[in-house]
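Colleague: Before I ask anything, let me first share the structure, which is written out below as structure tokens.
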Amino acid sequence: MLLTKEVYREESFQRIKKIFYNEKNQIIGTLETFKGKEDGDESGRLDVQEYTGESYRLIQYKNDTKAYAHFTSQGHKVLGKPGWYSIEEAASVQDFKYENGFLLSRSYRSEDGATYSHNYTYQNGVKVSETTVAVDGTVTKINYTCQGKTVLSQSTFINDRFSDQINYRYEPNGLLAEEQKFLKHGENLYLSTQKNFFYNAKKELEKTEHHGRYDGKMHLYKVEETIRKGNERTIKLYLIPEVEMVIGQYDMASMHDYLKRSHMEFAISIFNKEYITKTKLQLLGHNVEKVDEQGKVIESKIINPENNEEIGKVLYRNEYNEMSLLEFVICYRVLEDGRTEESNIEKYYYKD
1 MLLTKEVYRE ESFQRIKKIF YNEKNQIIGT LETFKGKEDG DESGRLDVQE YTGESYRLIQ
61 YKNDTKAYAH FTSQGHKVLG KPGWYSIEEA ASVQDFKYEN GFLLSRSYRS EDGATYSHNY
121 TYQNGVKVSE TTVAVDGTVT KINYTCQGKT VLSQSTFIND RFSDQINYRY EPNGLLAEEQ
181 KFLKHGENLY LSTQKNFFYN AKKELEKTEH HGRYDGKMHL YKVEETIRKG NERTIKLYLI
241 PEVEMVIGQY DMASMHDYLK RSHMEFAISI FNKEYITKTK LQLLGHNVEK VDEQGKVIES
301 KIINPENNEE IGKVLYRNEY NEMSLLEFVI CYRVLEDGRT EESNIEKYYY KD
């Protein structure tokens with residue numbers, strides 16, 4: 001079944017998105033409208049897609065254009081017909097070029113003439129590089145090293161100068177076990193940050209440990225943990241406060257130079273040699289969620305990390321159709337006295 005309409009409504013705001021298809025079930029148009037309930041003002045956006053084989057052009061119009069007005073007055077039957085819209089009044093134009101199912105390039109042009117582009121190359125059906133040219137002309141190129149279809153590493157160059165390299169290590173079952181990021185200090189390549197991933201017997205991610213370089217040594221500075229029990233998930237975040245802004249620098253001198261360049265000289269006295277060892281991991285985030293059989297959240301609680309007391313609770317009512325596709329979600333806030341209050345509702349419509 002194809003999604004044809006989305007409705008999001010809350011007390012002061014409403015968003016409606018309509019999606020239109022051709023006989024090949026390709027999206028040829030999207031109309032999205034926004035309305036504030038207090039002032040009654042309505043705005044919108046129209047996307048028109050033109051196909052040439054596998055490739056397509058995505059043209060976006062604001063609600064003050066002739067194309068938008070024509071579409072909203074004549075309806076979706078104008079899609080696929082020529083002459084009712086022009087490139088000149090488009091807010092943006094994006095071109096996606098495909099060949100044999102692979103995206104070769106993506107380009108973007110805004111109404112003020114700003115442009116950027118992405119180009120991709122493949123070997124044996126696997127992406128081996130991507131090149132981005134930004135609005136200011138900056139060229140970023142990422143080269144991938146692969147084994148079969150598995151990415152082993154990626155190296156990034158900005159204007160032909162090395163930026164970083166990320167290496168990936170996998171478990172025998174194919175799950176990602178480790179991610180290491182290397183930077184350069186002078187001509188030396190050094191390990192800046194590292195992530196380690198841990199899974200349960202069902203191959204579900206349970207914990208991610210973040211290590212980073214501080215004063216020339218690697219330190220554990222962040223842990224993300226998900227404890228699963230039945231349909232309940234307890235999500236915790238442990239972090240050494242504020243250290244993420246400076247982690248990964250080669251040594252103390254490099255860190256302090258970075259703070260000066262970032263106009264944060266005041267932080268130099270904070271991030272001294274002892275900071276990473278004297279400041280311990282702290283529980284900064286604690287949430288408990290319950291999910292339905294489809295894996296969507298039906299209850300979410302925010303727990304105060306300091307005293308383990310509940311400080312917020314939200315309930316979700318999820319309803320599905322006979323194809324197990326989501327039809328609507330109603331979100332309720334739980335008030336201090338235990339009563340529930342509707343917060344927002346989402347509705348989804350489909351066609352065969």
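If you count the sequence shown from 1, position 16 lands on 16 in my numbering, and the numbers rise without skipping.
No residue lacks a Cβ here, since even glycine has one placed at the ideal position from N, Cα and C.
Specify the secondary structure class of E111 as computed by DSSP and reduced to three states.
Modeller: Indexing the sequence shown from 1 puts residue 111 at position 111. In the structure shown, E111 sits in coil (DSSP, three-state: anything other than H, G, I, E or B).
Colleague: Does the beta-carbon of V135 have 16 or more other beta-carbons within 10 angstroms, so that it is buried, or is it exposed?
Modeller: Start at 1 with the first residue of the sequence shown, and residue 135 comes out as number 135. V135 is exposed by the Cβ-count criterion.
Colleague: Take every Cβ of the segment 194 to 206, pair it with every Cβ of the segment 246 to 256, and state whether three or more of those distances are shorter than 8 Å.
Modeller: Touching, no, given that fewer than three Cβ pairs across the two stretches are closer than 8 Å.
Colleague: Could you check which residue in L189, L3, T277 and M245 has the C-alpha nearest to that of H263?
Modeller: Looking up residue 263 in the sequence shown gives position 263. Here the closest residue by C-alpha is M245.
Colleague: Can you tell me whether DSSP reads M218 as helix, strand or coil?
Modeller: Along the sequence shown, read from residue 1 onward, the residue named residue 218 stands at position 218. If DSSP states are grouped into helix, strand and coil, M218 belongs with the strands.
Colleague: Figure out for me which residue from V78, W84, Y51 and H76 has the closest Cα to the Cα of K66.
Modeller: Taking the first residue of the sequence shown as 1, we reach residue 66 at position 66. If we check each option's Cα against that of K66, W84 comes out closest.
Colleague: State the DSSP-derived secondary structure class of T145, mapped to helix, strand or coil.
Modeller: The residue given as residue 145 occupies position 145 in the sequence shown. Three-state DSSP puts T145 in a strand.
Colleague: Where does the unbroken alpha helix (DSSP H) through L259 begin, and where does it stop?
Modeller: Residue mapping note: residue 259 aligns to position 259 of the sequence shown, counting from 1. It spans M252 to R261 - the alpha helix (DSSP H) in which L259 sits, taken as one unbroken run.
Colleague: Can you tell me which of the three DSSP states I240 falls into?
Modeller: To locate residue 240, count along the sequence shown from 1; it is residue 240. In this structure, I240 counts as coil in the three-state DSSP scheme.
Colleague: Shortest alpha-carbon distance to H16 belongs to which of Y8, K77 and T138?
Modeller: As a working note, residue 16 is residue 16 in the sequence shown. Rather than His, the amino acid found at residue 16 in this sequence is Ile. For the residues Y8, K77 and T138, the minimum Cα distance to I16 belongs to Y8.
Colleague: Do you know offhand how far D292's Cα is from I298's?
Modeller: Locating residue 292 in the sequence shown gives position 292, where the first residue counts as 1. Locating residue 298 in the sequence shown gives position 298, where the first residue counts as 1. Looking at the two C-alpha atoms, the distance is approximately 6 Å.
Colleague: Roughly how far, in whole angstroms, is the beta-carbon of K290 from the beta-carbon of E232, given that I think they are within contact range, below 8 Å?
Modeller: Along the sequence shown, read from residue 1 onward, the residue named residue 290 stands at position 290. Along the sequence shown, read from residue 1 onward, the residue named residue 232 stands at position 232. That belief holds up - the Cβ atoms of K290 and E232 are roughly 5 Å apart, short of 8 Å.
Colleague: Excluding the 5 residues flanking D95 on each side, which residues of the same chain have their C-beta closer than 6 Å to its C-beta?
Modeller: Here residue 95 corresponds to residue number 95 of the sequence shown, with the count starting at 1. Excluding sequence neighbours, D95 sits near R57 and S107.
Colleague: So, is L183 buried or exposed, given that buried needs 16 or more other C-beta atoms within 10 angstroms?
Modeller: Walking along the sequence shown from the start, residue 183 turns up at place 183. Classification of L183: buried, given that the 10 Å Cβ count is 16 or more.
Colleague: Count the other CB atoms within 10 Å of the CB of L189; is the residue buried (16 or more) or exposed (fewer)?
Modeller: For the purposes of this step, residue 189 is identified with residue 189 of the sequence shown, where counting begins at 1. Counting Cβ neighbours within 10 Å, L189 comes out exposed, since fewer than 16 surround it.
Colleague: Is R213 buried or exposed, if buried means 16 or more other CB atoms sit within 10 Å of its CB?
Modeller: Start at 1 with the first residue of the sequence shown, and residue 213 comes out as number 213. Its Cβ being crowded by 16 or more others within 10 Å, R213 is buried.
Colleague: Measure the CB-CB distance between K203 and N173 and report whether it falls below 8 Å.
Modeller: Position 203 of the sequence shown, counted from the first residue, corresponds to residue 203. Position 173 of the sequence shown, counted from the first residue, corresponds to residue 173. Result yes, Cβ atoms of K203 and N173 sit closer than 8 Å.
Colleague: Suppose the cutoff is 6 Å on Cβ atoms and the five residues either side in sequence are ignored; what does the same chain contact list for T121 look like?
Modeller: Here residue 121 is taken as the residue at index 121 of the sequence shown, counted from 1. Cβ within range, chain order: V128 and S129.
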